[in-house]
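Trainee: Sequential numbering of the sequence shown, starting at 2, is according to the working numbering.
Even glycine gets a Cβ: it sits at the ideal position worked out from N, Cα and C.
Note that the structure is predicted; figures quoted are calculated from it, not measured.
Have a look at this one.
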Amino acid sequence: MMGAVEEERPSQGFFGSSSAAGFMRQIRTAVDRRVASPHRRSSVPHLAVPSSLMPMRSERPQSSVANYVLPPRKMADSLMDVYWECVFPLYPFLVPAEMKNEYTKIWTGDSLEYDENMLMCTLNVIFALASQLADFVPPTEREASANAFFSRAKGLFQFNLWDTGSAGLIQCLLLMAQYLQSTDSAHQCWIVTGLAIRNAQSLGLHLPQNIARLRSFQEQQLARKIWHGCILMDRVISMTFGRPAMISKASSGAVPLPVAVDDEYIPSGSNKEVSQPLDRPSMMAFYAKSLELYEIMNDVLLSLYKPISDDHAEDVHDFYFDNVASEGERTIFELDRSLTRWTRSLPPHLRGDSSTVPTSPIFYRQSIVLRARFLHVRMLLFRPTLSKYCAVRDTPTSYPLVSTNDSFPHRVALQCSIICVKAAQESIELIYNNVPADGTGGPLPAWWYNILYVYTSATVLIAGRLCAAILAEVTESSVVQSWNHALEVLRKYQTYSTSARRCVAALEILYEQVASEGLLHISHMPSHETRVNSSAGNDMSFGEGMNAAILDGFEFPDFQDMSWLNSVPSNFF
């Protein structure tokens, strides 16, 4: 519990001012100032943080060469190309020049600058991640190929719970968490993300003054990228699993965002801050804007998805909006304003306007991915209101002169619900229109994110069909079209993973249960057999039966309270 009394052991990591070592540091500094002597050096406050974040070779004996299994050079090069073209522009956790140089040395046999074991482990994680996204790997073989590489990475991963971490370890853990998002290993993804965060904090990367002490601008930029990579993964995983975030809002805002300057314009060793050429949009701008968006998403989760004991407020205003937000929380109107301001702050090459589509395929993909993320956050913002709107019953209110349907909050809730359904439709259409017919990845996010976005959107569509007032503006035919497009997208991803198949099955269950409850405000409600066999354009049909094996462990939701709408099927992933 003491943490550390003295800071003479750098291996113990960083200790803040509340620790015993931090207090001893302050006392020692005060004593040195009062007992100044020309023969005694004044002690500089010591921070157990490495002066350099650049990976160094380990003094420990390396694993046997037999463990360093690599794929054929041609395949390895192709997988690395996939990583640099598809993954790195969205998640810039590495230093390209350094990593590419070390990768080349592996094949030439030259001496490495990085820790050899950690480098080989990281490369295998990159190969695993790239295997899930490579167009030249058949979809049916991707999981097996990726698993083989990741198994090698786990064998090479030498994490000692008793040692302080390193920048290379944190980078490897972040890449592992990224890869685990594409698997059924939800628990491992959660734990690995936590390990990355704790190791980053042990290096003091959560404090701007520590980053400022690093020797060069390149290392300061790397420290910012790594720490904010921890924040990004923390926010995404917390949203996906519906669990509390590990990094507080205050801590996430303390360290400045990475500067929007590409690595190629940052000279190594220089301590001067550099800028991006005016005529070249920065690839890093996407990363900064994603981090801003996910911080808004975190505010949405903290304010609107907090645990509640009873959702049956007597006052219709409180029922929908909780007029006074608790400390640290924000209202739905404030959150919507933040999202609007965020969209206005986007640089031209990330707006996705047809008139300003950049020639670079990387910028085009970044704009598509950013829009998909924005639409998902917008759904998360309005979904709780949609859930309540669908659950409300037209009962007598405490205001005898104003019916529930004519009340101001009820009208606002209707518009929020309509916005949520339209955002769901836009999200589905964005993915549907950009899925290439040849089976390649296209400009979309990784397929596991597409599954999440489409599934979430489809549940919103079902909720929208519960309310005649919503259908009066959105129209049932457009909802049906979006529904069919959603299922078509999910079926395309069935060969990639069982997740898509499970989502299709879950949606079918959801639809059947809502229909059986008689909750759908639809004049024609075809039977299951009719929908399966019908080709009519206005049928929300699945076109295939359910596989009983897929549904093992699936919990049927309670459709009366609409809680299913605010949940994500984490057991599907």
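From residue 481 to residue 434, what distance separates their C-alpha atoms?
Mentor: Approximately 16 Å, taken between the alpha carbons.
Trainee: Just how far apart, CA to CA, sit residue 301 and residue 198?
Mentor: Cα to Cα, residue 301 sits roughly 22 Å from residue 198.
Trainee: Indicate whether residue 89 and residue 80 have their beta-carbon atoms separated by less than 9 Å.
Mentor: For residue 89 and residue 80, no; Cβs fall outside 9 Å.
Trainee: Would you kindly work out how many angstroms separate the C-alpha atoms of residue 232 and residue 113, rounded to a whole number?
Mentor: Spanning the two alpha carbons is a distance of roughly 30 Å.
Trainee: Pair every Cβ in the stretch 431-449 with every Cβ in the stretch 128-145, then say whether three or more of these pairs are closer than 8 Å.
Mentor: The stretch 431-449 is in contact with the stretch 128-145.
Trainee: Can you have a look at residue 625 and say buried or exposed, based on whether 16 or more other CB atoms are within 10 angstroms of its CB?
Mentor: Outside the modelled stretch of the chain, which goes from 2 to 574, sits residue 625, for which no answer is possible.
Trainee: Which residue marks the beginning of the alpha helix (DSSP H) containing residue 377, and which one marks its end?
Mentor: Its alpha helix (DSSP H) spans residues 362-392.
Trainee: Hey, could you find the ends of the alpha helix (DSSP H) residue 108 is sitting in?
Mentor: Taken as a continuous stretch (DSSP letters only), the alpha helix (DSSP H) holding residue 108 covers 97-109.
Trainee: Give me the Cβ distance between residue 240 and residue 298, rounded to the nearest whole Å; I'm assuming they're in contact under 8 Å.
Mentor: That belief holds up - the Cβ atoms of residue 240 and residue 298 are roughly 6 Å apart, short of 8 Å.
Trainee: Does the pairing of the stretch 267-277 with the stretch 70-80 give three or more beta-carbon distances under 8 Å?
Mentor: Segments in contact, no.
Trainee: Using a Cβ cut-off of 9 Å (strictly closer), state whether residue 307 contacts chain D.
Mentor: The structure shown contains no chain D, having only a single protein chain.
Trainee: Return the CA-CA distance between residue 340 and residue 333, expressed in angstroms with no decimal places.
Mentor: Distance between the alpha carbons of residue 340 and residue 333: 11 Å.
Trainee: Does the beta-carbon of residue 322 have 16 or more other beta-carbons within 10 angstroms, so that it is buried, or is it exposed?
Mentor: It is buried - the Cβ of residue 322 has at least 16 other Cβ atoms within 10 Å.
Trainee: Helix, strand or coil: which one does DSSP assign to residue 69?
Mentor: Three-state DSSP puts residue 69 in coil, outside helix and strand.
Trainee: Taking just the CA atoms, how far does residue 97 sit from residue 82?
Mentor: So the two alpha carbons sit approximately 12 Å from each other.
Trainee: I need the straight-line Cα distance from residue 413 to residue 448, nearest angstrom please.
Mentor: Each residue's alpha carbon lies about 35 Å from the other.
Trainee: What are the start and end residues of the alpha helix (DSSP H) that includes residue 449?
Mentor: Unbroken alpha helix (DSSP H) run through residue 449: 448-465.
Trainee: Taking the alpha-carbon of residue 206 as reference, which of 227, 460, 104 has the nearest alpha-carbon?
Mentor: Ranking the options by Cα distance to residue 206, first place goes to 227.
Trainee: At the level of alpha carbons, what is the spacing between residue 468 and residue 130?
Mentor: Straight-line Cα distance between these residues: approximately 42 Å.
Trainee: Given this structure, state the Cα-to-Cα distance separating residue 295 from residue 237, to the nearest angstrom.
Mentor: Cα to Cα, the separation comes out at about 8 Å.
Trainee: So does the stretch 498-505 actually touch the stretch 449-458, counting three or more Cβ pairs closer than 8 Å?
Mentor: Short answer: they touch.
Trainee: Relative to the C-alpha of residue 421, which residue among 250, 404, 383 is closest?
Mentor: For the residues 250, 404, 383, the minimum Cα distance to residue 421 belongs to 383.
Trainee: Considering only their Cβ atoms, is the gap separating residue 457 from residue 479 smaller than 9 Å?
Mentor: No, the pair does not count as a contact, with Cβ atoms beyond the cut-off.
Trainee: Is residue 161 buried or exposed, if buried means 16 or more other CB atoms sit within 10 Å of its CB?
Mentor: So residue 161 ends up on the exposed side.
Trainee: Quick check: the Cα distance between residue 491 and residue 483, rounded to an integer number of angstroms?
Mentor: Going from the Cα of residue 491 to the Cα of residue 483 covers about 12 Å.
Trainee: Measuring only from the beta carbon, is residue 373 closer than 8 Å to any heavy atom that is part of the ligand SAH?
Mentor: No copy of the ligand SAH appears in this structure; indeed no ligand is present at all.
Trainee: Contact check, residue 284 vs residue 171 under 8 Å by CB: the rounded distance?
Mentor: The Cβ separation is near 21 Å, so there is no contact.
Trainee: Reducing DSSP to helix, strand and coil, say where residue 279 ends up.
Mentor: In the structure shown, residue 279 sits in coil (DSSP, three-state: anything other than H, G, I, E or B).
Trainee: Helix, strand or coil: which one does DSSP assign to residue 576?
Mentor: This structure does not reach residue 576, given that the chain is present from 2 up to 574, and the question cannot be answered.
Trainee: Under 7 Å Cβ to Cβ from residue 247, same chain only, skipping five residues before and after it: list those, please.
Mentor: Only 195, 198, 235 meet the Cβ criterion.
Trainee: Tell me whether the beta-carbon of residue 508 lies closer than 9 Å to the beta-carbon of residue 463.
Mentor: Yes, the pair counts as a contact, with Cβ atoms nearer than the cut-off.
Trainee: So, with DSSP's three-state summary, where would you put residue 409?
Mentor: The answer is helix: DSSP assigns residue 409 an H, G or I state.
Trainee: Mark residue 409 as exposed unless 16 or more other C-beta atoms lie within 10 angstroms of its C-beta, in which case mark it buried.
Mentor: Residue 409 is exposed by the Cβ-count criterion.
Trainee: By alpha-carbon positions, which one of 472, 132, 336, 389 ends up nearest to residue 293?
Mentor: With distances taken between Cα atoms, residue 293 lies closest to 336.
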